[in-house]
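Beneath this line is the structure, given in structure tokens, with notes to follow.
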Amino acid sequence: MMATPDLQTLRAAVALAARAPSIHNSQPWRWLHGTTSLHLYADAARLLPATDPDGRDLMLSCGAALHHLQVTMAASGWATHVHRLPNPNQPDHLAAVDFRPREPSRDDIALAAAIQRRRTDRRRYTSWPVPAELLADLARTAGTFGAVLMPTTEPDDRYQLVRALAEASTRQEADLAYAAELAAWAGRSPFVAEGVPATNIPAGERRHGDTTMRAFPNGQLTDPGDRWEDDAGELLVLATATDTTESRLRAGEPMSSVLLWATDFRMATCPLSQVLEVEATRDLVRDRVLDGFGVPQIVLRVGWAPVNTAPLPATPRRPIDDIFGRQGQ
Ligand SMILES: Cc1cc2nc3c(=O)[nH]c(=O)nc-3n(C[C@H](O)[C@H](O)[C@H](O)COP(=O)(O)O)c2cc1C
């Protein structure tokens, strides 16, 4: 019989996969193991209806967890075979994962190490430019997943994108249900197992240069970015060819890979999804930034954090027993 990973290995891998980024740190996933396989389920009760009415962010978050799991298993000597959406009658069953032994590569180990270090960094970045070579590397990474990562380095693309970011913020903030949901999920104590802790939210400016960030409440993080220094953060648009549930799930995988490689390069990163949660601004990004080619799935801000910046605390996660169990129980 083919060797399979033992329960301890799976449990440890799921715990690391849970370090994946998720919308408002909602961690909308559940993993169940069978005798030889591991199954990812969406936890629909964790959908944020006012922020993410179509479940786009939920699906991206689960895709990121699926990629994190593959990275972790690869680093511990297991290649994965993933069957996405294996059961049409059960739309919450997002993936069935099988394993076979394989020697880890240096890249596998580097990526797994980046999982522990990655943080969503909402602070100002420095004026150091992000080299074109690094942006090209990140774009190549996305390309290996069949996705496109478009840097908005052309002034007109950047202008259209930042206008759409600002417009999406204004629209969402005018929505009382959105504000109530944000207040329930963000600006919380770091000891609560979910949501965005106040300690990870900058206390000051929510605009960095031309870029409007999501306005979270109760920020307690001092932002050491110097006011005199321009913020040279780059905005990258991750796009897929189609907009099915499967393409959203799949988009979470290159999103995760790009964030982890950027972390490996010592860059600061922050996903920005407001602009794609609002239909009107999503259309603007598709038509004016991507020129109608492809479906935008997430915007990633990348740059260099100031050298004098304290490391960001890790955000909390739900206990492993809440997200991991045996299939059929
Ligand atoms: C699909 C998705 C959308 C997100 N959108 C935003 C956003 O608009 N603004 C933001 O500051 N963070 C955003 N995040 C980051 C999450 O808030 C963050 O991953 C979560 O709080 C956990 O923190 P960590 O990434 O530092 O582990 C997003 C993450 C995902 C996966």
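Per my numbering, the sequence shown runs over residues 22 to 350. Beta carbons are placed, not taken as given, at the ideal position from N, Cα and C, and that holds for glycine.
Nonlocal neighbours in the same chain, by C-beta distance under 7 Å from residue i, ignoring five residues either side
i    : result
A283 : L159, T290 and V323
T263 : V316
A204 : P238
A65  : D113
Beta-carbon proximity check, residue i vs residue j, cutoff 7 Å
i    : j    : result
L182 : V299 : no
T44  : D75  : It should be noted that the sequence gives Ile, not Thr, for residue 44. No, they are not a contact pair.
T93  : L37  : yes
E202 : L69  : yes
P332 : A163 : no
R67  : S97  : no
P238 : G208 : yes
A95  : D129 : yes
Y180 : A71  : no
A63  : D113 : yes
L281 : L156 : no
Outcome for residue i when other beta-carbon atoms lying within 10 angstroms are tallied against a minimum of 16
i    : result
T269 : According to the sequence as given, residue 269 is Arg; it is not Thr. Under this definition R269 is a buried residue.
L197 : exposed
H104 : exposed
D178 : buried
M171 : buried
D78  : buried
A34  : buried
E215 : buried
H88  : buried
R123 : exposed
G225 : exposed
F212 : exposed
V328 : exposed
R307 : buried
T173 : buried
A116 : buried
T265 : exposed
F345 : buried
Q29  : exposed
A195 : exposed
R51  : buried
P109 : exposed
S58  : buried
S126 : exposed
Q193 : buried
S277 : buried
Sequence-distant residues of its chain with Cβ nearer than 6 Å to residue i (five each side left out)
i    : result
T302 : A185, E188, A189 and V296
M288 : V323
T233 : L186, A187 and S190
W249 : none
R338 : A39
T145 : Per the sequence shown, the amino acid found at residue 145 is Arg instead of Thr. Same-chain partners within the cutoff: H229, D244, G246 and D252.
L305 : A185
R235 : Q295
G240 : I222, P223 and A224
A18  : Shown here, the chain extends from 22 to 350; a query on residue 18 therefore has no answer.
D231 : V183
W206 : H45 and G216
Residue of the options minimising C-alpha distance to residue i
i    : options                   : result
F286 : T191, A134, E202 and L305 : A134
R143 : L156, P152, A63 and R227  : R227
S148 : L53, L155 and H229        : H229
P107 : H60, P125 and R145        : H60
T27  : P49, W99, R40 and A66     : According to the sequence shown, residue 27 is Asp rather than Thr. Here the closest residue by C-alpha is W99.
P42  : I136, A200, N110 and T220 : I136
A335 : R307, D343, Q193 and R139 : R139
T261 : A66, L81, D64 and H54     : L81
P49  : V169, L280, T265 and A85  : A85
A326 : T141, S294 and R192       : T141
I319 : L259, S278, P340 and Q241 : L259
E175 : F345, D312, L280 and I344 : D312
H102 : P109, L90 and Q111        : L90
L293 : F314, L257, V279 and S278 : L257
T9   : R121, Q193, W206 and S210 : As shown, the chain starts at 22 and ends at 350. That puts residue 9 outside it, with no answer to give.
L321 : V279, T57 and D342        : V279
T330 : P218, D343, L242 and S126 : L242
Residue-level contact to chain C via CB, residue i, 7 Å cutoff
i    : result
D158 : Considering every chain present, this structure includes no chain C. It has just one protein chain.
Cβ shell of residue i (< 8 Å), same chain only, five flanking positions each side left out
i    : result
Q348 : L53, H54, G55 and H60
R271 : G84, R105, F166, G167, A168 and T261
D342 : none
E267 : R105 and L106
P340 : A214
Closer than 6 Å: residue i CB and nearest ligand 3 heavy atom
i   : result
D78 : For ligand 3, the structure offers nothing, since it holds only ligand 1.
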